[in-house]
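What follows is a single structure, written as structure tokens, with notes after it.
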Amino acid sequence: MTECKRMRQASRLPENPIRRMRIAARLLREQHAELAAWLEAAVQEHIMQGTDMDRALGFAGTLGRTPRFDVLRVLRNRLLSRALLHLHGDMRALHREVLLYLERVPEYLKDRQQPDITWTAARRLIHRAHRQGLGLPATLDGLRKALRNMGCS
1 MTECKRMRQA SRLPENPIRR MRIAARLLRE QHAELAAWLE AAVQEHIMQG TDMDRALGFA
61 GTLGRTPRFD VLRVLRNRLL SRALLHLHGD MRALHREVLL YLERVPEYLK DRQQPDITWT
121 AARRLIHRAH RQGLGLPATL DGLRKALRNM GCS
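Under the UniProt record's numbering, think of the first position of the sequence shown as 1, with each following residue one higher.
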């Protein structure tokens with residue numbers, strides 16, 4: 001066997017995803033012990049108790065609240081906050097813009113990955129907030145609550 005072939009085989013990841021996770025945890029130990037311990041504990045829980053990996057890692061939340069939802073909510077709210085800045089901090093103007101977007105922008109434009117280049121900066125940010133997939137707060141109180149609760153996850 002040639003040296004090159006031997007090196008390629010040595011660097012190849014195992015096909016078993018559990019072994020891959022264990023390798024990742026081992027590699028993390030020196031850099032971030034707490035993160036490595038979290039990953040190792042999740043793998044161990046999956047093996048010993050049969051817990052789904054998404055639940056063992058904490059990705060499957062309870063009552064429909066997942067870490068993914070929290071991250072998307074924060075991203076959406078930050079985008080709405082930036083739109084508010086473009087509207088000079090006028091919450092009522094943001095509310096009007098959100099309603100105009102929801103009621104008058106055709107679905108085919110809402111479905112586009114990128115906003116229309118002719119839109120205002122605020123509308124483009126509202127579009128990006130909409131694209132997070134959580135919906136937009138359609139009431140003034142809903143917008144206030146969303147922007148008040150912008151805690152980072």
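Backbone N, C-alpha and C define an ideal beta-carbon position, used for all residues, glycine too.
Computed from a predicted model, the values in this text were never measured in an experiment.
Quiz item: Using DSSP with H/G/I as helix, E/B as strand and the rest coil, what is residue 128?
Solution: helix
Quiz item: Between the stretch 51-61 and the stretch 107-118, do at least 3 Cβ pairs fall closer than 8 Å?
Solution: With the cut-off at 8 Å, the stretch 51-61 and the stretch 107-118 do not touch.
Quiz item: Apart from the five residues just before and just after residue 153, which ones in its own chain have a Cβ nearer than 6 Å to its Cβ?
Solution: No answer about residue 153 holds up, because its pLDDT of 32 lies below 50 and its placement is not dependable.
Quiz item: Okay, do the stretch 85-97 and the stretch 30-42 touch, 3+ Cβ pairs below 8 Å being the bar?
Solution: no
Practice problem: Report buried or exposed for residue 101, applying the criterion of at least 16 other Cβ atoms within 10 angstroms of its Cβ. | Solution: Result: buried.
Exercise. Using the Cα positions of residue 68 and residue 134, report the straight-line distance between them to the nearest angstrom.
Key: 11 Å
Quiz item: In whole angstroms, what is the alpha-carbon distance linking residue 98 and residue 119?
Solution: 13 Å
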